[in-house]
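Chemist:
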């Protein structure tokens, strides 16, 4: 088959709104050819092995497997991260949490904690932008930490230490200038779990009891022991959870609780300061 024939076949099977892009990405992956070559030489014959591998990838994508898992990578905050089914796929809206953290007036050598680091996306983005910060990143999943540490090595980022811990449980008593987290916040019975990429992602990284609030509340409740005076906690959350989180911050004695909206205008990141 030629390049053009392969792409035409794939686009008929892939999701209509992204078929052209995905068809090209998957063919680049198996052929090793650059996008410019695919466009410039549509009549070029592809080796049978490449065609076979391409068909297999397209079939998996047509069944719903996320493109990021098929490619083994996802771009986040300008970083090329390895991802697979051991970790959540980093979302564009999570970049808002990074933006908020980078916008804080912190010491040049601030100490930062990332809870539930997964692929390491948030910690690595912060570390790449603030190489003098000291960042501690934790996850309860050893598998996720394997992905995160591999990403750290691939990117050559030095200022992160990774630990296995269920939130704060295995951390030494230490205080940070900033704590950030994108914890599980989806309701267990949410229809969202039956849609798109999330069907293939680790369920424990998505779902939390108490209408998705259990882990968010646990972090808010425990964080004061780990925050310096004047330190702040910032959390990504579902768009309907901001008011409950702000009230939780207030009830526990935090100051200045506020929420930032994502690019769709939805409440997405809420935080407050521990006096």
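In full-length UniProt numbering, the protein residues as written are 1 to 275. Yeah, the Cβ is synthetic: ideal placement off N, Cα and C, and Gly gets one too. Note that the structure is predicted; figures quoted are calculated from it, not measured.
#1: The beta strand (DSSP E) with residue 232 in it runs from where to where?
#2: Check each candidate in 180, 231 and 14 and name the one with the smallest Cα separation from residue 114.
#3: Give the secondary structure of residue 87 by DSSP, where H, G and I count as helix, E and B as strand, and everything else as coil.
#4: Apply the 10 Å Cβ neighbour rule to residue 125 and answer buried if 16 or more other Cβ atoms are within range, or exposed otherwise.
#5: Label residue 168 either buried or exposed according to how many other C-beta atoms from any shown protein chain fall within 10 Å of its C-beta, with 16 as the threshold for buried.
#6: Does residue 267 have its Cβ less than 8 Å from a Cβ in chain C?
#7: Comparing C-alpha positions only, which one of 247, 234 and 256 sits nearest to residue 278?
#8: Rounded to the nearest angstrom, what separates residue 211 and residue 204 at their Cα positions?
#9: Can you find at least 3 beta carbon pairs, one from the segment 57-71 and one from the segment 22-30, that sit closer than 8 Å?
#10: Could you give the first and the last residue of the continuous beta strand (DSSP E) run that contains residue 112?
#11: May I ask you to report which of helix, strand or coil DSSP gives residue 148?
#12: Going by DSSP, name the residue or residues bridged to residue 179.
#13: Taking just the CA atoms, how far does residue 206 sit from residue 139?
#14: For residue 108, is the classification buried or exposed, using 16 other Cβ atoms within 10 angstroms of its Cβ as the cut-off for buried?
#15: Tell me which residue opens and which closes the alpha helix (DSSP H) that residue 157 is part of.
#16: Applying the 10 Å Cβ sphere with the 16-neighbour rule, what's the burial state of residue 141?
#17: Can you find at least 3 beta carbon pairs, one from the segment 234-245 and one from the segment 216-223, that sit closer than 8 Å?
#18: Counting beta carbon pairs with one atom in the segment 84-100 and one in the segment 150-169, are three or more of them shorter than 8 Å?
Modeler: To lay it out plainly:
#1: 227-236
#2: 180
#3: coil
#4: buried
#5: Here residue 168 is buried. Its C-beta has 16 or more other C-beta atoms within 10 Å.
#6: You won't find chain C in this structure, because it holds only one protein chain.
#7: The first residue shown for the chain is 1 and the last is 275, placing residue 278 beyond what the model contains.
#8: 14 Å
#9: yes
#10: 111-115
#11: helix
#12: 113 and 233
#13: 13 Å
#14: exposed
#15: It is not in any alpha helix (DSSP H) - residue 157 carries neither H nor E in the DSSP assignment.
#16: So residue 141 ends up on the buried side.
#17: yes
#18: Contact check between the segment 150-169 and the segment 84-100: fewer than three CB pairs, one atom from each, fall below 8 Å, which does not count as touching.
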